[in-house]
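Trainee: Residue numbers (the working numbering), protein chains in the order written: chain A, 1 to 92; chain B, 1001 to 1496.
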Amino acid sequence: MNREEIVIAIKDIISTIAPDEELGSLALDVRLRDQIELDSMDFLDIVMELRKRYGVQVPEEDYMQLATLQGCVEYLGPKLESKSLVLTALKV
Amino acid sequence: MSEQRRYFRGSTDGKKPRCTDPLAQARGEYDLVVIGSGLAGLTAANVLGSMGHRVALLEQHYNFGGMATWFKRRGGHVFDISLHGFPVGMVKTCRRYWSSEIASRIVRLDGIRFDNPQFTFDTTFTREDFTEKLVTQFGVARSTVEAFFDYLRGLNYYDDPRDTVGDCFERFFPGRNDIHRLLLEPIAYANGSTMEDPAIAYGIVFSNFMSKGVYTFTGGTDWLIGKMKEELRKNGVELFNNVQVERITVEHGRATGVIAHGRHLRARAVLSNANIRRTILELVGPEHFGAEFVREVEAVRLNNSSTQVYIGIREGCAVPWITDLLFTSRRERFDSSALCDFHGQSRTFSFYYPKVRPGSARHAIVSSTNANWKDWASLDAASYEREKARLIEATLVELERYVPNVRSMADHVEAATPRTFEFYTQHVQGASFGTKWEGLRPSMELASHIEGLFHSGSVGIIMSGWLGAANYGVITSNKVDLFLREAARAAAGGRA
Chain A
1 MNREEIVIAI KDIISTIAPD EELGSLALDV RLRDQIELDS MDFLDIVMEL
51 RKRYGVQVPE EDYMQLATLQ GCVEYLGPKL ESKSLVLTAL KV
Chain B
1001 MSEQRRYFRG STDGKKPRCT DPLAQARGEY DLVVIGSGLA GLTAANVLGS
1051 MGHRVALLEQ HYNFGGMATW FKRRGGHVFD ISLHGFPVGM VKTCRRYWSS
1101 EIASRIVRLD GIRFDNPQFT FDTTFTREDF TEKLVTQFGV ARSTVEAFFD
1151 YLRGLNYYDD PRDTVGDCFE RFFPGRNDIH RLLLEPIAYA NGSTMEDPAI
1201 AYGIVFSNFM SKGVYTFTGG TDWLIGKMKE ELRKNGVELF NNVQVERITV
1251 EHGRATGVIA HGRHLRARAV LSNANIRRTI LELVGPEHFG AEFVREVEAV
1301 RLNNSSTQVY IGIREGCAVP WITDLLFTSR RERFDSSALC DFHGQSRTFS
1351 FYYPKVRPGS ARHAIVSSTN ANWKDWASLD AASYEREKAR LIEATLVELE
1401 RYVPNVRSMA DHVEAATPRT FEFYTQHVQG ASFGTKWEGL RPSMELASHI
1451 EGLFHSGSVG IIMSGWLGAA NYGVITSNKV DLFLREAARA AAGGRA
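#1: Tell me which residues of the segment 30-43 of chain A have at least one Cβ-Cβ distance to chain B shorter than 7 Å, keeping chain order.
#2: Give the secondary structure of residue 1054 (chain B) by DSSP, where H, G and I count as helix, E and B as strand, and everything else as coil.
#3: Residue 1463 (chain B) touches chain A at which residues, Cβ-Cβ below 7 Å?
#4: Cutting at 6 Å between CB atoms, please list the residues of its own chain near residue 1330 (chain B), excluding the five before and the five after it.
#5: Can you list, in chain order, the residues of its chain with a C-beta nearer than 6 Å to that of residue 1012 (chain B)? Leave out the 5 residues immediately preceding and following it.
#6: Specify whether the segment 1238-1249 of chain B and the segment 1051-1067 of chain B touch according to this definition: at least 3 beta carbon pairs, one from each stretch, less than 8 Å apart.
#7: If residue 1215 (chain B) sits next to residue 1085 (chain B), beta carbons under 8 Å apart, how far is it from one beta carbon to the other, in whole angstroms?
#8: Find out if the Cβ-Cβ distance for the pair residue 1480 (chain B), residue 1269 (chain B) is shorter than 7 Å.
#9: Residues in the same chain with beta-carbon distance under 6 Å from residue 1228 (chain B), minus the five sequence neighbours each way, listed in chain order, please.
#10: Rounded to whole angstroms, how far is the Cβ of residue 1418 (chain B) from the Cβ of residue 1306 (chain B), which I believe are closer than 8 Å?
#11: Given a threshold of 16 other Cβ atoms within 10 Å of its Cβ, counted over all protein chains shown, does residue 1476 (chain B) qualify as buried or as exposed?
#12: Run down chain B in chain order and give the residues with a C-beta less than 7 Å from the C-beta of residue 52 (chain A).
#13: If contacts are defined as beta-carbon pairs under 8 Å, then residue 1280 (chain B) and residue 1442 (chain B) qualify, I think. What distance do you get, rounded to the angstrom?
#14: Provide the residue span of the alpha helix (DSSP H) that contains residue 1312 (chain B), from first to last.
#15: I need the DSSP call for residue 1123 (chain B), collapsed to helix, strand or coil.
#16: Could you tell me the distance, in whole angstroms, from the CA atom of residue 1193 (chain B) to the CA atom of residue 1024 (chain B)?
#17: Would you identify the three-state DSSP class for residue 1437 (chain B), choosing helix, strand or coil?
#18: With a floor of 3 residues, list each beta strand (DSSP E) that falls wholly inside the segment 1226-1306 of chain B, ordered by position along the chain.
#19: Can you check whether the C-beta of residue 1235 (chain B) is within less than 7 Å of a C-beta belonging to chain A?
#20: Between the segment 1178-1193 of chain B and the segment 1359-1378 of chain B, do three or more beta carbon pairs fall short of 8 Å?
#21: Which term fits residue 1490 (chain B), buried or exposed, when burial requires 16 or more other beta carbons within 10 angstroms of its beta carbon?
#22: Between the segment 26-33 of chain A and the segment 51-71 of chain A, do three or more beta carbon pairs fall short of 8 Å?
#23: Rounded to whole angstroms, what is the Cα-Cα separation between residue 1233 (chain B) and residue 1197 (chain B)?
#24: Please name the residues in the segment 1093-1118 of chain B whose beta-carbon is closer than 8 Å to at least one beta-carbon of chain A, in chain order.
#25: In whole angstroms, what separates the C-alpha of residue 1239 (chain B) from that of residue 1026 (chain B)?
#26: What span of residues does the beta strand (DSSP E) with residue 1113 (chain B) cover, start to end?
#27: In three-state DSSP terms, what is residue 1474 (chain B)?
#28: Quick one: residues in its chain with C-beta nearer than 6 Å to the C-beta of residue 1360 (chain B), no 5 flanking neighbours on either side, listed in chain order?
#29: Going by the CB atoms, is the gap between residue 1464 (chain B) and residue 1456 (chain B) shorter than 7 Å?
#30: Hey, out of B:1342, B:1288, B:1394, whose CA is closest to residue 1376 (chain B)'s CA?
#31: What residues in its chain sit with their C-beta under 8 Å from that of residue 1099 (chain B), if we drop five residues either side in the sequence?
#32: Given a threshold of 16 other Cβ atoms within 10 Å of its Cβ, counted over all protein chains shown, does residue 1427 (chain B) qualify as buried or as exposed?
#33: Taking the alpha-carbon positions, what's the residue 77 (chain A) to residue 1 (chain A) distance?
#34: Residue 1439 (chain B) and residue 1460 (chain B) look like a contact to me (Cβ under 8 Å); what is the Cβ gap, rounded to whole Å?
#35: Going by Cα to Cα distance, which pick from B:1374, B:1405, B:1184 is closest to residue 1304 (chain B)?
#36: Using the DSSP secondary-structure output, state which residues sit across from residue 1454 (chain B) in a beta bridge.
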């Protein structure tokens, strides 16, 4: 996955967790929870989905790294490099 | 416990006598054994089953659900034990970790009422309505009310737990005993909160309720648990009731399974949804932990227990609309510890109208109070029966203020006490709401003491109640899933 695909991967996961949210206009560098309604259980779901879909482990102390889309790209980039995008909700 | 004995012929302890081996269909080995089927255990089993792990769920009672339970009585009566109301967050939790069908049955309560010497009114139990009441009826400046709500909303798990509910109330509403009652009484019934507990624990739960009010399930607890069992089976979870787990086995610092009915069920991981103290001090045993941890666990305080009175309305009789949830007290001033008084003056009535179980025309009323184990624990049989009769009589007297002819409409009345809760749930001292704040840490960190051993259930007040327990089941599932995947990877690597 490249950087653009990682953004799509995260948005796809979020769209299964928060199906009513509009994700098209999410800014990369603003905290996700300031743009859409995400609570700590939602973040936990993102972590569980990353493990389920891509086998990626995010230890608890790194959860903060996923606060923005930009943070997700930086943090997950090396971990997702060799994985291919899995889409379940979004149509691209 | 003589009141239970009559329901099952041949039983010596009030529970259904067992004729067959409840584990006859069990395999010898699982990825995960879950002990206890409260909402945390049920939800964790479902999440981990859906992730593909082989899960066995063991429950000592014949019903699944823990405190999320119900019972039936002759005459067509069905009584829900804890279906009083939960926050809107339960919709999302059910949709995501159970099914959209279960989530779709969640509806908002139509009425919530307070009636006490300090104030009487109906409320939607939302931030908007509480703000209006605090400003117009209690005369508080709007900015103070807003600041109070914002403070609670902003609290999070990492904040200092030394700020107590009482401190917080005094800062925002000094000397306003009536406001303290409004803010704490309902939450005390929801999770055993007192003035001395951390504001953070109170704040999280209160804010959850205040976001959109109070919700319940259409169909009743029996429908819900039935649907949950369907989902669990769909996800490959094997369900066993009437199974009394005697021990959690630990070998070389790792949890390896459980012993029940003379059998060793082996598992890569064990998740206990039993009371945290019982899990560590009895099911595992203190000898498997460091002395300091054992002291920490021994110091964990339990929350209070409860009494309930169940009033079944005769077929064909109808209770006029009053409200769904009625917080009532005769006490002049609010005192959070007095909510647990032996034969106290405060109680909550849950009115169950036919809308709760569509298709049924039946009405039921359940009265709940908080209670202390010690007041009921040592009564001899005759005193116990006498005190229960007194509880029932006091409840009916109070209820007659709202439903004047209730005695002629009721054809079944019975009481539950802390002893009843202890008997059916095996919670230490019949605790209805798990533990105080300090129970959170040993629960969350259990796996760092014994590999592969996890806990989930009512701890720390915030994990109590329907939403807290179910969500804690998910939080623990995340840890168990990680552990099982790592263990599988290590095993595969070891073989290669």
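Every residue, glycine too, gets a C-beta built ideally from N, C-alpha and C. All values derive from a computational prediction rather than experimental measurement.
Mentor: According to the structure data:
#1: Result list: 41.
#2: In the second sequence, the residue the question calls residue 1054 (chain B) occupies position 54. Three-state result, residue 1054 (chain B): coil.
#3: On the second sequence, residue 1463 (chain B) is found 463 positions in, with the first residue counted as 1. Residues of chain A passing the Cβ test: none, with the nearest at roughly 12 Å.
#4: Along the second sequence, read from residue 1 onward, the residue named residue 1330 (chain B) stands at position 330. If we look at residue 1330 (chain B) and ignore the five residues flanking it on each side, its Cβ neighbours are 1345.
#5: Within the second sequence, the letter at position 12 stands for residue 1012 (chain B). Unreliable placement is indicated for residue 1012 (chain B), whose pLDDT of 47 sits below 50; the coordinate value is still reported in the next sentence. Excluding five sequence positions before and after residue 1012 (chain B), none of the CB atoms of its chain fall closer than 6 Å to its own CB.
#6: Yes, the segment 1238-1249 of chain B is in contact with the segment 1051-1067 of chain B.
#7: Stepping through the second sequence from its first residue, residue 1215 (chain B) is reached at position 215. Stepping through the second sequence from its first residue, residue 1085 (chain B) is reached at position 85. About 6 Å; that satisfies the 8 Å criterion.
#8: For this step, residue 1480 (chain B) is matched to residue 480 along the second sequence. For this step, residue 1269 (chain B) is matched to residue 269 along the second sequence. For residue 1480 (chain B) and residue 1269 (chain B), yes; Cβs fall inside 7 Å.
#9: Here the question's residue 1228 (chain B) lines up with position 228 in the second sequence. A distance below 6 Å between beta-carbons, with the five flanking residues on each side excluded, links residue 1228 (chain B) to the following residues of its chain, in chain order: 1042.
#10: On the second sequence, residue 1418 (chain B) is found 418 positions in, with the first residue counted as 1. On the second sequence, residue 1306 (chain B) is found 306 positions in, with the first residue counted as 1. Indeed they touch by this definition, with Cβ atoms about 7 Å apart.
#11: Within the second sequence, residue 1476 (chain B) is the residue found at index 476, counting from 1. With 16 or more other Cβ atoms within 10 Å, it is buried.
#12: Counted from its first residue, the first sequence places residue 52 (chain A) at position 52. Chain order gives the chain B residues near residue 52 (chain A) as 1051, where near means a beta carbon separation below 7 Å.
#13: Counting from 1 along the second sequence, the entry for residue 1280 (chain B) is found at position 280. Counting from 1 along the second sequence, the entry for residue 1442 (chain B) is found at position 442. 7 Å between Cβ atoms; contact.
#14: In the second sequence, residue 1312 (chain B) corresponds to position 312, counting from 1. Note, residue 1312 (chain B): premise wrong, no alpha helix (DSSP H); beta strand (DSSP E) at 1305-1313.
#15: What you label residue 1123 (chain B) is simply residue 123 of the second sequence in a count that begins at 1. Note: residue 1123 (chain B) maps to strand in three-state DSSP.
#16: Within the second sequence, residue 1193 (chain B) is the residue found at index 193, counting from 1. Within the second sequence, residue 1024 (chain B) is the residue found at index 24, counting from 1. Pairing residue 1193 (chain B) with residue 1024 (chain B), the inter-Cα distance amounts to about 42 Å.
#17: Your numbering for residue 1437 (chain B) matches position 437 in the second sequence. Three-state result, residue 1437 (chain B): helix.
#18: Fully contained in the segment 1226-1306 of chain B are the following beta strand (DSSP E) runs of length 3 or more, in chain order: 1238-1240, 1245-1251, 1254-1260, 1263-1272.
#19: Position 235 of the second sequence, counted from the first residue, corresponds to residue 1235 (chain B). Chain A contact via Cβ: absent.
#20: The segment 1178-1193 of chain B vs the segment 1359-1378 of chain B: in contact.
#21: Within the second sequence, the letter at position 490 stands for residue 1490 (chain B). By the beta-carbon neighbour count (other beta carbons within 10 angstroms, threshold 16), residue 1490 (chain B) is exposed.
#22: For the pair of segments examined, the segment 26-33 of chain A was found to touch the segment 51-71 of chain A: the number of CB pairs separated by less than 8 Å reaches three.
#23: As a first step, residue 1233 (chain B) is located in the second sequence; it is residue number 233 there, counting from the start. As a first step, residue 1197 (chain B) is located in the second sequence; it is residue number 197 there, counting from the start. Distance from the CA atom of residue 1233 (chain B) to the CA atom of residue 1197 (chain B), rounded to whole angstroms, is 39 Å.
#24: Those would be 1093, 1096, in chain order.
#25: Numbered from 1 along the second sequence, position 239 holds the residue referred to as residue 1239 (chain B). Numbered from 1 along the second sequence, position 26 holds the residue referred to as residue 1026 (chain B). Between residue 1239 (chain B) and residue 1026 (chain B), the C-alpha separation is close to 9 Å.
#26: In the second sequence, residue 1113 (chain B) corresponds to position 113, counting from 1. According to the DSSP assignment, residue 1113 (chain B) belongs to the beta strand (DSSP E) that extends over 1112-1115.
#27: Within the second sequence, the letter at position 474 stands for residue 1474 (chain B). In the structure shown, residue 1474 (chain B) sits in a helix (DSSP, three-state: H, G or I).
#28: The residue labelled residue 1360 (chain B) in the question sits at position 360 within the second sequence. Here the set comprises 1354.
#29: Position 456 of the second sequence, counted from the first residue, corresponds to residue 1456 (chain B). Position 464 of the second sequence, counted from the first residue, corresponds to residue 1464 (chain B). Result no, Cβ atoms of residue 1456 (chain B) and residue 1464 (chain B) do not sit closer than 7 Å.
#30: Walking along the second sequence from the start, residue 1376 (chain B) turns up at place 376. When each option's Cα is compared against that of residue 1376 (chain B), the closest is B:1342.
#31: Locating residue 1099 (chain B) in the second sequence gives position 99, counting from the first residue. If we look at residue 1099 (chain B) and ignore the five residues flanking it on each side, its Cβ neighbours are 1227, 1231.
#32: Start at 1 with the first residue of the second sequence, and residue 1427 (chain B) comes out as number 427. Classification for residue 1427 (chain B): buried.
#33: Taking the first sequence and counting its residues from 1, one reaches residue 77 (chain A) at position 77. Taking the first sequence and counting its residues from 1, one reaches residue 1 (chain A) at position 1. Distance between residue 77 (chain A) and residue 1 (chain A), taken at the CA atoms: about 8 Å.
#34: Within the second sequence, the letter at position 439 stands for residue 1439 (chain B). Within the second sequence, the letter at position 460 stands for residue 1460 (chain B). That pair is a contact at about 5 Å.
#35: As a working mapping, residue 1304 (chain B) is identified with position 304 in the second sequence. For residue 1304 (chain B), the nearest C-alpha among the options comes from B:1374.
#36: Here residue 1454 (chain B) corresponds to residue number 454 of the second sequence, with the count starting at 1. Its beta-bridge partners are B:1271.
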